[in-house]
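Chemist: So the sequences go chain by chain: B and X. Count the first sequence with the numbering used here and you get residues 111 to 603, in order. Count the second sequence with the numbering used here and you get residues 111 to 603, in order. Built from N, CA and C at the ideal position, the CB exists for glycine as well. Quantities reported herein were computed from a predicted structural model and do not represent experimental measurements. Let me give you the structure first, and then I'll get to my questions.
Number of protein chains: 2
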Amino acid sequence: MAKELKNFTKRSDNYSQWYNELVVKADLAEQSAVRGCMVIKPYGYAIWEKMQRQLDDMFKETGHQNAYFPLLIPKSFLSREADHVEGFAKECAVVTHYRLKNDPEGNGVVVDPAARLEEELIIRPTSETIIWNTYKNWIHSYRDLPILVNQWANVFRWEMRTRMFLRTAEFLWQEGHTAHATKEEAETEARKMLDVYGEFAEKYMAVPVVKGVKSPNERFAGALDTYTIEAMMQDGKALQSGTSHFLGQNFAKAFDVTFMNKENKPEYVWATSWGVSTRLMGALIMTHSDDNGLVLPPKLAPIQVVIVPIYKNEEGLKAISEKVEPLVKELRSRGISVKYDDADNRRPGFKFADYEVKGVPVRLAIGQRDLEEGTVELMRRDTLEKETVSFDGIADEVVRLLDDIQNNLFVKAKNMRESKTTTADTYEEFKEKIENGGFILAHWDGTTETEEKIKEETKATIRCIPFDGDKTPGVCMVTGKPSSQRVIFARSY
Amino acid sequence: MAKELKNFTKRSDNYSQWYNELVVKADLAEQSAVRGCMVIKPYGYAIWEKMQRQLDDMFKETGHQNAYFPLLIPKSFLSREADHVEGFAKECAVVTHYRLKNDPEGNGVVVDPAARLEEELIIRPTSETIIWNTYKNWIHSYRDLPILVNQWANVFRWEMRTRMFLRTAEFLWQEGHTAHATKEEAETEARKMLDVYGEFAEKYMAVPVVKGVKSPNERFAGALDTYTIEAMMQDGKALQSGTSHFLGQNFAKAFDVTFMNKENKPEYVWATSWGVSTRLMGALIMTHSDDNGLVLPPKLAPIQVVIVPIYKNEEGLKAISEKVEPLVKELRSRGISVKYDDADNRRPGFKFADYEVKGVPVRLAIGQRDLEEGTVELMRRDTLEKETVSFDGIADEVVRLLDDIQNNLFVKAKNMRESKTTTADTYEEFKEKIENGGFILAHWDGTTETEEKIKEETKATIRCIPFDGDKTPGVCMVTGKPSSQRVIFARSY
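Structure, rendered in structure tokens:
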């Protein structure tokens, strides 16, 4: 059983299959009976809950409040903003009826044709339209601004090719929707929330990200600018992990949302929206995990420390439990989530394998000999290093180790990214290097034509025009036209 | 403005209209553009979040974990359980297509007839079917049991008559779905979760509830027993506030979910499900609020204490702010949520009215004279009593007062309920008394026929067969047949 648990595809053999197997073996999620929709299992959901709680705290610290808007959107709302409808109408779930009835031929239930809706409803793929239709009633004067609202919700996009967490038809996310009196304030908000995402990714997920702006071609449908955080997975592919959009006055115009400014003149409202989703789970899994299973940063691990007693009989267990109990209490009082696994229906070897696959950052094992010698065996999941240490002061050691693991995972991921980030000065060089994956910094002439040519020929897209780094101008590797700075190309999820 | 805020229908004039106006004036929710669906506004959502957090903690303390299952359910799943499909097929939202396309006649977008689903999908009205279809893969042996899972989700029921929070097409809820090896364990679980609901209603919402079992006619579609907590609103109507169902083996049989018992023989799994929803917001509002607006129990109030400075100029404000700052800090350090409202674009009178309408439990007002005399004006929202007290020791006084308000609201609601609870021995007496509302304890012969006759003639239903109280047998007030105990009748929401 223990072997079977850890018996899955290696990253080097098939990275994509390794990921799919890991998601199932670590008990994170599974395919459901509904095409493209997954079931998020309790262990996977517990990680998502930790992410949610932290993000929610960060949103509230930056002045946002939560609210809830309808799941269903009248079809006509989508058409109000021209780019938006192009982006979302082609992959949405359409509700056309509101009743089933018994099949006259006796085969279960059928759609009742008499219960057809006058106007079809769309399951929200994103909520700009329904929210701006609502904001119209909330906003009259500059005094009503800004509106800083976030929503935690499920959304639905009828994707053709789905992969658990990375791209599913239904997914869970948060979507912030803010309204402002000035362009500057909205732009500042969009950038501020990108910074929140960046901080969350790096400090909590231990996933280093590049912040930048999307090329026009990769913008959110309806945005004037889309800011993004881009992470690199272990196979060198990019994963867009969060986006924040400056929407200008597009949705205010589409839904006729104006306010009286301080000079008592009507103006259209300025908008942003920003979101991260259960896709972050994919980023988390793919950044840190290894051939033995999941590796979790301590700050997001549902179980940070597991303690496994190794005993021969009831009496032996009792002695260990008495020794361990004050330690469990102390760790918990220090805010650490501890599981003391004294279940007698699984052997220690099985437990070790199970917690390894599930990515529990620190494992303590304690047996009869440890009791006698005042020791405990300590294993850290990130490096799989094991050592026998003194039981005295173990709580301090665990706290220190959790910090160390959190930092180590970040440094490791950052080193990986740096080792796979390179530059290309000619298109030939680019085509050669892109085969090895990674981020390639190259000059581009700023046109969609060139971007699409590159995508077609190499499957690489512009991940972003990075905010930081080298700003030296140059010439486009494809057309030789001027380029104001290098941009990041990569193949992506 | 301040007057306008508080200018709404009195309870005694039109209770139902008072409720509708209150929901809007207190900024809790509003109707959306989608029929029967509401927008939950930030202030209303903040109350719901406090409820969620507390309930979630209670579920976890009783060993449950959260998970997430798909929003959409294949139509055929509904038909698997005969009672279930009868109960839910008639009011569900049906997804039939997965794409829109540009209208060939140029009017926005239309449903693409080429994108018709082979099998229609239903937006979940409740998740028993999709979840038991999933549990089939999770359960093989008695070692896999129990499964104690909860889901926070949105659900959809196409209700004809809707009212904000009380009955909406889309609503937010939690649904627990547990699987057990024995009948006894499942029944114990269903009762345990009813107790959790009862404790939450009474200790946090300050809403007294009667616990009992539903008559067969009022059971959840697919349950063998439905347990309920019933609350009484100020107009004497009952509000079913939470239900917990013992599902027997119905869903296990419908989805073929068996396990190998300890004797290695296959058995069907036993099930429960239990849920509370945003309907609790309706119960909370209607139980405590008055003609001046919302009244909130301190344990669920997003703002527990508001402090309003009364000043003539910048300097005056500065002096007050300096005095108040340490108090704000102290209250926050004691876990109390405080708002210091020094906004200069609203007058104190307007602020007073606004926080009164919003039900903030405690208001402190402090002006120049208070500074000189070392006093502060304190107002409690439940009784609207105002007094001027010493500023020294005000933090202790506030903490004591919040406790007192929490208790007082519960006692007041309980007294109200008791004053409107009566008995009836004859059907004549019953018909007379039911016109005044309230709970009527009466004998009933246990048949659906009699229950439906009573409902038709008086609009009263059996709210529950209460667990506690008088168990003396008698005879049915309608048919004269034997009755084992009195049951609770009421008109209801």
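If contact is defined by three or more beta carbon pairs under 8 Å, each pair taking one atom from either stretch, is the region 114–131 of chain B in contact with the region 442–454 of chain B?
Modeler: no
Chemist: How is residue 376 of chain X classed by DSSP in three states: helix, strand or coil?
Modeler: The residue given as residue 376 of chain X occupies position 266 in the second sequence. Strand.
Chemist: Can you give me the C-alpha to C-alpha distance between residue 264 of chain B and residue 495 of chain X, rounded to a whole angstrom?
Modeler: Position 154 of the first sequence, counted from the first residue, corresponds to residue 264 of chain B. Position 385 of the second sequence, counted from the first residue, corresponds to residue 495 of chain X. Taking the straight line joining both Cα atoms gives about 44 Å.
Chemist: What number of angstroms, rounded off, separates the C-alpha of residue 521 of chain B from the C-alpha of residue 320 of chain B?
Modeler: Here residue 521 of chain B is taken as the residue at index 411 of the first sequence, counted from 1. Here residue 320 of chain B is taken as the residue at index 210 of the first sequence, counted from 1. So the alpha carbons of these two residues sit roughly 15 Å apart.
Chemist: Along the region 290–303 of chain X, where does the CB come closer than 7 Å to a CB of chain B? Name the residues.
Modeler: none
Chemist: Between residue 463 of chain B and residue 421 of chain B, what straight-line distance do the alpha-carbon atoms span, to the nearest angstrom?
Modeler: Sequence index remark: in the first sequence, residue 463 of chain B carries index 353 (1-based). Sequence index remark: in the first sequence, residue 421 of chain B carries index 311 (1-based). Going by the C-alpha atoms only, they are around 18 Å apart.
Chemist: Taking only runs of the alpha helix (DSSP H) that begin and end inside the region 447–517 of chain X, which ones reach a length of at least 4 residues, in chain order?
Modeler: Fully enclosed alpha helix (DSSP H) runs of no fewer than 4 residues occupy 458–467, 478–483 of the region 447–517 of chain X, in order along the chain.
Chemist: Within the continuous alpha helix (DSSP H) that includes residue 364 of chain X, where are the two ends?
Modeler: Reading the second sequence from its first residue, position 254 is the one you call residue 364 of chain X. Taken as a continuous stretch (DSSP letters only), the alpha helix (DSSP H) holding residue 364 of chain X covers 360–364.
Chemist: So which of X/144, X/347, X/149, X/145 has the shortest CA-CA distance to residue 134 of chain X?
Modeler: On the second sequence, residue 134 of chain X is found 24 positions in, with the first residue counted as 1. Checked all of X/144, X/347, X/149, X/145; the closest Cα to residue 134 of chain X is X/149.
Chemist: Measuring straight from C-alpha to C-alpha, what distance separates residue 111 of chain X and residue 479 of chain X?
Modeler: Taking the first residue of the second sequence as position 1, residue 111 of chain X is located at position 1. Taking the first residue of the second sequence as position 1, residue 479 of chain X is located at position 369. Its pLDDT being 49, under 50, residue 111 of chain X is placed unreliably in this model, and the coordinates cannot settle the point.
Chemist: Mapping DSSP to helix, strand and coil, what is residue 357 of chain B?
Modeler: Numbered from its first residue, the first sequence carries residue 357 of chain B at position 247. Collapsing the DSSP output to three states places residue 357 of chain B in a strand.
Chemist: Could you give the DSSP three-state label for residue 413 of chain X: helix, strand or coil?
Modeler: Your numbering for residue 413 of chain X matches position 303 in the second sequence. In this structure, residue 413 of chain X counts as coil in the three-state DSSP scheme.
Chemist: Sort out for me which residues DSSP pairs residue 211 of chain B with in a bridge.
Modeler: As a position in the first sequence, residue 211 of chain B is number 101, starting the count at 1. Residue 211 of chain B is bridged to B/220.
Chemist: Less than 8 Å separating the beta-carbons of residue 476 of chain X and residue 434 of chain X?
Modeler: Looking up residue 476 of chain X in the second sequence gives position 366. Looking up residue 434 of chain X in the second sequence gives position 324. Cβ distance < 8 Å, so residue 476 of chain X and residue 434 of chain X count as in contact.
Chemist: Alpha carbon to alpha carbon, how far is residue 556 of chain B from residue 546 of chain B?
Modeler: Within the first sequence, residue 556 of chain B is the residue found at index 446, counting from 1. Within the first sequence, residue 546 of chain B is the residue found at index 436, counting from 1. Taking the straight line from one Cα to the other gives about 25 Å.
Chemist: Any beta carbon from chain B within less than 8 Å of residue 364 of chain X's own beta carbon?
Modeler: Counting from 1 along the second sequence, the entry for residue 364 of chain X is found at position 254. It does not: the Cβ of residue 364 of chain X has no partner Cβ on chain B nearer than 8 Å.
Chemist: Between which residues of its own chain and residue 502 of chain X is the CB-CB distance below 8 Å, once the five residues before and five after are set aside?
Modeler: The residue labelled residue 502 of chain X in the question sits at position 392 within the second sequence. If we look at residue 502 of chain X and ignore the five residues flanking it on each side, its Cβ neighbours are 484.
Chemist: Which residues in chain X have a C-beta closer than 9 Å to the C-beta of residue 287 of chain B? List them in chain order.
Modeler: Here residue 287 of chain B is taken as the residue at index 177 of the first sequence, counted from 1. Those within 9 Å of residue 287 of chain B in chain X number zero; the least Cβ separation is about 12 Å.
Chemist: Can you pull the DSSP bridge partners for residue 418 of chain B?
Modeler: As a working note, residue 418 of chain B is residue 308 in the first sequence. Paired residue(s): B/475.
Chemist: Measure the alpha-carbon distance for residue 334 of chain X versus residue 358 of chain X and round it to whole angstroms.
Modeler: As a first step, residue 334 of chain X must be located in the second sequence, where it is residue number 224. As a first step, residue 358 of chain X must be located in the second sequence, where it is residue number 248. Cα to Cα, the separation comes out at about 6 Å.
Chemist: Should residue 210 of chain B be flagged as near chain X, meaning a C-beta pair shorter than 8 Å?
Modeler: As a first step, residue 210 of chain B is located in the first sequence; it is residue number 100 there, counting from the start. Yes, residue 210 of chain B counts as interfacial toward chain X.
Chemist: Taking the DSSP output, what are the residues bridged to residue 543 of chain X?
Modeler: The count along the second sequence starts at 1 and reaches residue 543 of chain X at position 433. Note: residue 543 of chain X sits in no beta bridge, so no partner.
Chemist: Consider the Cβ of residue 483 of chain B: report whether some Cβ of chain X lies at a distance smaller than 8 Å.
Modeler: Within the first sequence, residue 483 of chain B is the residue found at index 373, counting from 1. No, no contact with chain X.
Chemist: Relative to the alpha-carbon of residue 186 of chain X, which residue among X/313, X/220, X/230, X/166 has its alpha-carbon at the smallest distance?
Modeler: Against the second sequence, residue 186 of chain X aligns to sequence position 76. Checked all of X/313, X/220, X/230, X/166; the closest Cα to residue 186 of chain X is X/230.
Chemist: Could you compute how far the alpha carbon of residue 281 of chain B sits from the alpha carbon of residue 180 of chain X?
Modeler: Within the first sequence, residue 281 of chain B is the residue found at index 171, counting from 1. Within the second sequence, residue 180 of chain X is the residue found at index 70, counting from 1. Cα-Cα distance, rounded: 9 Å.
Chemist: If we ignore side chains and look at the alpha-carbon of each, how far apart do residue 152 of chain X and residue 351 of chain B end up?
Modeler: Position 42 of the second sequence holds residue 152 of chain X. Position 241 of the first sequence holds residue 351 of chain B. Distance between the alpha carbons of residue 152 of chain X and residue 351 of chain B is about 27 Å.
Chemist: Spell out whether any CB of chain X is found under 8 Å from the CB atom of residue 253 of chain B.
Modeler: Residue mapping note: residue 253 of chain B aligns to position 143 of the first sequence, counting from 1. Yes, residue 253 of chain B counts as interfacial toward chain X.
Chemist: Quick check: what's the CA-CA separation for residue 498 of chain X versus residue 204 of chain X?
Modeler: Here residue 498 of chain X refers to the residue found at position 388 when the second sequence is read from its first residue. Here residue 204 of chain X refers to the residue found at position 94 when the second sequence is read from its first residue. Straight-line Cα distance between these residues: approximately 60 Å.
Chemist: Note down the Cα distance separating residue 190 of chain X from residue 242 of chain X, rounded to an integer number of angstroms.
Modeler: Position 80 of the second sequence, counting from 1, holds the residue named residue 190 of chain X. Position 132 of the second sequence, counting from 1, holds the residue named residue 242 of chain X. Cα to Cα, residue 190 of chain X sits roughly 11 Å from residue 242 of chain X.
Chemist: Which of the three DSSP states, helix, strand or coil, is assigned to residue 438 of chain X?
Modeler: Walking along the second sequence from the start, residue 438 of chain X turns up at place 328. Residue 438 of chain X falls in the helix class under three-state DSSP.
Chemist: When the Cα of residue 364 of chain X is compared with those of X/583, X/194, X/353, which residue comes out closest?
Modeler: Working through the second sequence from its first residue, we reach residue 364 of chain X at position 254. Comparing Cα positions, the closest option is X/194.
Chemist: Kindly identify the DSSP beta-bridge partner or partners of residue 290 of chain B.
Modeler: Within the first sequence, numbered from 1, the residue matching residue 290 of chain B stands at position 180. Per DSSP, B/380.
Chemist: Would you mind working out which of X/525, X/285, X/472, X/115 sits nearest residue 514 of chain X, comparing C-alpha positions?
Modeler: For the purposes of this step, residue 514 of chain X is taken as the residue at position 404 of the second sequence. Measuring from the Cα of residue 514 of chain X, the nearest candidate turns out to be X/472.
Chemist: Residue 145 of chain B by DSSP, collapsed to three states: which one?
Modeler: Reading the first sequence from its first residue, position 35 is the one you call residue 145 of chain B. In the structure shown, the three-state DSSP call for residue 145 of chain B is coil.
Chemist: Any idea what DSSP makes of residue 570 of chain X, helix, strand or coil?
Modeler: One-based indexing of the second sequence puts residue 570 of chain X at position 460. Coil.
Chemist: Taking Cβ positions, are residue 582 of chain X and residue 327 of chain X nearer each other than 8 Å?
Modeler: As a working mapping, residue 582 of chain X is identified with position 472 in the second sequence. As a working mapping, residue 327 of chain X is identified with position 217 in the second sequence. Going by C-beta atoms, residue 582 of chain X is not nearer than 8 Å to residue 327 of chain X.
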